[in-house]
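Residue numbers for the sequence shown follow this note's numbering, so the first one is 355 and each next one is one higher.
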Amino acid sequence: MTRHFLRFFSPPLASQPLLVCLPYAGGGASAFRAWATLFDTQIAVAAVQYPGREDRFTEATIDDMSRLLATLMTELQRDIATRPHALLRHSMGGAIAHELAVQLEAQGMPPRHLFISGRQPPRYHPRASVVHRSSDSDILAELHRLNPRNNALAESPELAALLVPIIRSDYRLIENYRPHNTPVIGCPIDVLAGRDDPDLPTDQACAWADYTSA
355 MTRHFLRFFS PPLASQPLLV CLPYAGGGAS AFRAWATLFD TQIAVAAVQY
405 PGREDRFTEA TIDDMSRLLA TLMTELQRDI ATRPHALLRH SMGGAIAHEL
455 AVQLEAQGMP PRHLFISGRQ PPRYHPRASV VHRSSDSDIL AELHRLNPRN
505 NALAESPELA ALLVPIIRSD YRLIENYRPH NTPVIGCPID VLAGRDDPDL
555 PTDQACAWAD YTSA
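Shown next as structure tokens:
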């Protein structure tokens, strides 16, 4: 079976529940490689590989939420139709994972669990953010604000030239995304938030409870 999006770091067993991990803006599937060793044989771990990065570097990025969800759904349905599954995502991927959970439930394949990290619920989606329209240097400054310990792009103009267009595309996707009439889903939602995260205050993190009936 040809898989365009899902990357398994070890061959999955038919009996294993599947944890599908969705990378942050600019990230690739390899960010979750170590996760495959954490669960032994209890859980199969797969990561989504968005086009335009790592082994899909030559492909055009997708900067539209509806188009990304449609292509993801086509492939995910093949891999999760016969096994329990959960979705995990940090930051940008949190919005994607939630929209996926809504669509999977509508198709009769509800996830068992949704794990969200560092992402506001739909009603707090930032509508005024326009990072994708910023200069390369301003995008680098925003990345440094989010992760001051990682200076790899600032210290390597060559690496920045490769990755900033991908990051810009991801920001365009999430900043142009407009959630509408988001339904409540039936699976539990666990939210991970930093105590001092200025982009996800406690009241917003707790508001995810309004999006699940579990």
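For glycine and all other residues, C-beta sits at the position ideal for the given N, C-alpha and C.
| task | State yes or no: is the C-beta of Leu494 within less than 8 Å of the C-beta of Leu513? | result | Start at 1 with the first residue of the sequence shown, and residue 494 comes out as number 140. Start at 1 with the first residue of the sequence shown, and residue 513 comes out as number 159. The answer is no: Cβ separation not under 8 Å.
| message | Would you call the segment 360-379 in contact with the segment 441-451, where contact means no fewer than 3 C-beta pairs closer than 8 Å? | response | yes
| request: On a CA-only basis, which of Leu527, Gly472, Asp490, Arg522 is nearest Glu555? Give me that one, please. | output: If you number the sequence shown from 1, residue 555 lands on position 201. Reading off the sequence shown, one finds Pro at residue 555, where the question assumed Glu. If we check each option's Cα against that of Pro555, Gly472 comes out closest.
| request: Between the Cα of Glu408 and those of Arg421, Ile397, Ala385, spot the shortest distance and give me the residue it belongs to. | output: Taking the first residue of the sequence shown as position 1, residue 408 is located at position 54. Residue Ala385 is the option with its Cα nearest to Glu408.
| task | Please state whether DSSP places Phe469 in a helix, a strand or coil. | result | Within the sequence shown, numbered from 1, the residue matching residue 469 stands at position 115. Note: Phe469 maps to strand in three-state DSSP.
| For Cys560, which of helix, strand or coil comes out of DSSP? | Along the sequence shown, one-based indexing puts residue 560 at 206. Residue state, collapsed to three classes: helix.
| Can you tell me where the alpha helix (DSSP H) with Arg526 in it begins and where it stops? | The sequence position of residue 526 within the sequence shown is 172, counting from 1. Here the alpha helix (DSSP H) through Arg526 covers 511-530.
| query | Roughly how many angstroms separate the alpha carbons of Met355 and Asp550, rounded to a whole number? | reply | Residue numbering aside, residue 355 sits at position 1 when the sequence shown is read from its first letter. Residue numbering aside, residue 550 sits at position 196 when the sequence shown is read from its first letter. In this prediction, Met355 has a pLDDT of 48, which is less than 50 and means its spatial position is unreliable; nothing more can be read from the coordinates.
| For His467 and Cys541, believed in contact at Cβ under 8 Å, the rounded distance | Here residue 541 refers to the residue found at position 187 when the sequence shown is read from its first residue. Here residue 467 refers to the residue found at position 113 when the sequence shown is read from its first residue. Sure, about 6 Å apart at Cβ, within 8 Å.
| Taking all protein chains shown into account, do 16 or more other C-beta atoms lie within 10 angstroms of the C-beta of Gln461, making it buried, or fewer, making it exposed? | Reading the sequence shown from its first residue, position 107 is the one you call residue 461. The residue is exposed, with fewer than 16 neighbouring Cβ atoms inside 10 Å.
| field | With 16 other Cβ atoms within 10 Å as the buried cut-off, status of Val538 | value | Translated into the one-based positions of the sequence shown, residue 538 becomes position 184. Under this definition Val538 is an exposed residue.
| message | Does chain C have any CB closer than 8 Å to the CB of Leu392? | response | Protein chain content of the structure displayed is limited to a single chain, and chain C is not contained in it.
| Is any heavy atom of the ligand ADP found at a distance shorter than 7 Å from the C-beta of Pro464? | Ligands in the displayed structure: none, and consequently the ligand ADP is not present.
| query | For Gln403, does the count of other Cβ atoms within 10 angstroms reach 16, so buried, or fall short, so exposed? | reply | The residue you call residue 403 lines up with position 49 of the sequence shown. The residue in question, Gln403, is buried, as its Cβ has 16 or more Cβ neighbours within 10 Å.
| field | Cross-strand partners of Arg361 (DSSP beta bridge) | value | As a position in the sequence shown, residue 361 is number 7, starting the count at 1. According to DSSP, Arg361 bridges with Ala401.
| request: Spell out a yes or no on whether the segment 390-403 and the segment 355-370 are touching, meaning 3 or more CB-CB pairs, one atom from each, closer than 8 Å. | output: yes
| message | Quick check on this structure: which residue in Pro480, Ala455, Arg526, Ser489 has the alpha carbon closest to the alpha carbon of Thr566? | response | Position 212 of the sequence shown, counting from 1, holds the residue named residue 566. Of the candidates Pro480, Ala455, Arg526, Ser489, the one whose C-alpha sits nearest the C-alpha of Thr566 is Ala455.
| query | Shortest alpha-carbon distance to Ala373 belongs to which of Phe393, Arg503, His358? | reply | Taking the first residue of the sequence shown as 1, we reach residue 373 at position 19. Note that residue 373 corresponds to Leu in the displayed sequence, not to Ala. Here the closest residue by C-alpha is Phe393.
| If you run the structure through DSSP and keep just helix, strand and coil, what is Val538? | The residue labelled residue 538 in the question sits at position 184 within the sequence shown. If DSSP states are grouped into helix, strand and coil, Val538 belongs with coil.
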